[in-house]
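Only one structure is covered here, and it is reproduced in the block below.
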Amino acid sequence: MDIVGIFGEVSKTMRSDFKRVQKAIEKHPGLKGNSYEEIVRKFLREYLPESLDTATGLPVNSNGNF
Numbered sequence: 468m469d470i471v472g473i474f475g476e477v478s479k480t481m482r483s484d485f486k487r488v489q490k491a492i493e494k495h496p497g498l499k500g501n502s503y504e505e506i507v508r509k510f511l512r513e514y515l516p517e518s519l520d521t522a523t524g525l526p527v528n529s530n531g532n533f
């Protein structure tokens, strides 16, 4: 499988996870952000080298902007 196919499959899985979370917590909107963060964190942990890690917070670019 090529890289486009791999990312296509990963994005399908993430969209499915997002939809599942959305249905599960539609009456608790405060939990949505944390749940979405966890899905992205799980993805990053799977594909980033072990020397890098993820945490909670706001994403910041190289210029220090949110």
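Mapping of the sequence shown onto my numbering: residues 468 to 533, in sequence order. All C-beta atoms, glycine included, are put in the ideal place defined by N, C-alpha and C.
D469 carries a coil assignment under DSSP once its states are collapsed to helix, strand and coil. By alpha-carbon distance to I473, the top candidate from G524, Y514, I492 and S518 is Y514. Under the three-state reduction of DSSP output, N501 falls in the helix class. In the three-state scheme derived from DSSP, where H, G and I count as helix and E and B as strand, L515 is classed as coil.
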